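Participant:
Protein chains in written order, with my numbering: chain E, 57 to 167; chain C, 416 to 528.
1) Please state the DSSP three-state secondary structure of residue 137 of chain E.
2) Going along the region 444-460 of chain C in order, which residues come within less than 7 Å of chain E, judged by CB to CB distance?
3) Step through the CB atoms of chain C and report whether any lies within less than 8 Å of the CB of residue 83 of chain E.
4) Spatial neighbours of residue 490 of chain C within its chain, please: C-beta separation below 8 Å, excluding the five flanking residues on both sides.
5) Which residues in chain E have a C-beta closer than 7 Å to the C-beta of residue 496 of chain C? List them in chain order.
6) What residue from E:89, E:101, E:85 and E:166 has the CA that sits closest to residue 139 of chain E's CA?
7) State the CB to CB distance for the pair residue 78 of chain E and residue 90 of chain E, rounded to an integer number of angstroms; the pair is presumed to be in contact (CB under 8 Å).
8) Which same chain residues end up closer than 6 Å to residue 106 of chain E when comparing Cβ atoms and leaving out the 5 residues on each side of it in sequence?
9) Taking the Cβ atom as the reference point for each residue, do residue 130 of chain E and residue 121 of chain E lie within a distance shorter than 8 Å?
10) Which residues does DSSP list as the beta-bridge partners of residue 504 of chain C?
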């Protein structure tokens with residue numbers, strides 16, 4: 057059974073700040089890790105994913121995430137956030153076609 | 416145009432009524448999903464469909480059934496809806512395999528009174 061946890065339900069930063077959204081997972085085998093973003097009233101949209109190779113993966117809009125096997129983590133980062141980055145971010149893990157999502161982190165970017 | 420379309424967007428039903436949520440995709444994806452989203456619980460997988468008439472239970476299938484008679488169309492049915500099925504329902508699709516990106520619809524907000 058795969059599980060994923062996002063320890064921060066809410067994160068608030070100012071425009072231009074850097075941000076890290078945390079994601080930890082548990083699974084014994086090979087997995088795919090991904091991040092999705094959900095703007096208010098919309099469906100989820102894919103940001104980035106990792107399976108193997110370079111542990112730092114680049115996504116859209118300046119987002120990147122780093123995989124750590126030792127920490128069982130896949131944290132999402134952005135160097136300088138914009139107000140339009142305000143949304144809920146979901147980490148997800150899959151070993152087959154079934155994706156398991158974390159509870160989400162609501163990011164609020166203040167002007 | 417890569418799109419997942421859900422109908423209706425909003426729905427109000429009384430307890431005990433039947434509910435049909437429709438989902439369509441234009442990408443010829445083999446795999447389709449139904450999730451529900453509740454505050455604080457993230458997304459929970461209800462059913463997954465690997466192709467036409469090849470459906471599998473997700474984590475919370477009780478009280479739901481699905482139908483997939485065409486690759487591009489996946490329906491979620493609630494027979495005799497219950498108040499605890501009030502939620503936002505999302506349909507998604509992907510090419511086969513867990514490594515593939517999911518494309519989500521905009522969601523259906525269902526209220527069961």
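The beta-carbon is built from N, C-alpha and C at its ideal position, and this holds for glycine as well. In this text, all values refer to a predicted model and were calculated from it rather than measured experimentally.
Facilitator: A quick look at the data gives this:
1) Residue numbering aside, residue 137 of chain E sits at position 81 when the first chain is read from its first letter. It is coil, neither helix nor strand.
2) 446, 455, 456, 457, 458 and 460
3) Residue mapping note: residue 83 of chain E aligns to position 27 of the first chain, counting from 1. No - not a single Cβ of chain C is within 8 Å of the one on residue 83 of chain E.
4) What you label residue 490 of chain C is simply residue 75 of the second chain in a count that begins at 1. Within the same chain, residue 490 of chain C has close Cβ partners 435, 436, 437, 438, 481, 482 and 483.
5) By one-based count along the second chain, residue 496 of chain C stands at place 81. The premise fails here: residue 496 of chain C is roughly 22 Å from chain E at the closest Cβ pair, so nothing lies under 7 Å.
6) The residue given as residue 139 of chain E occupies position 83 in the first chain. Selection E:89, E:101, E:85 and E:166 evaluated against residue 139 of chain E yields E:166 as nearest (Cα-Cα).
7) Translated into the one-based positions of the first chain, residue 78 of chain E becomes position 22. Translated into the one-based positions of the first chain, residue 90 of chain E becomes position 34. Their Cβ separation, rounded to whole angstroms, is 15 Å, which puts residue 78 of chain E and residue 90 of chain E out of contact at 8 Å.
8) Walking along the first chain from the start, residue 106 of chain E turns up at place 50. If we look at residue 106 of chain E and ignore the five residues flanking it on each side, its Cβ neighbours are 89, 113 and 123.
9) By one-based count along the first chain, residue 130 of chain E stands at place 74. By one-based count along the first chain, residue 121 of chain E stands at place 65. In contact: residue 130 of chain E and residue 121 of chain E (Cβ atoms closer than 8 Å).
10) In the second chain, the residue the question calls residue 504 of chain C occupies position 89. Per DSSP, C:451 and C:523.
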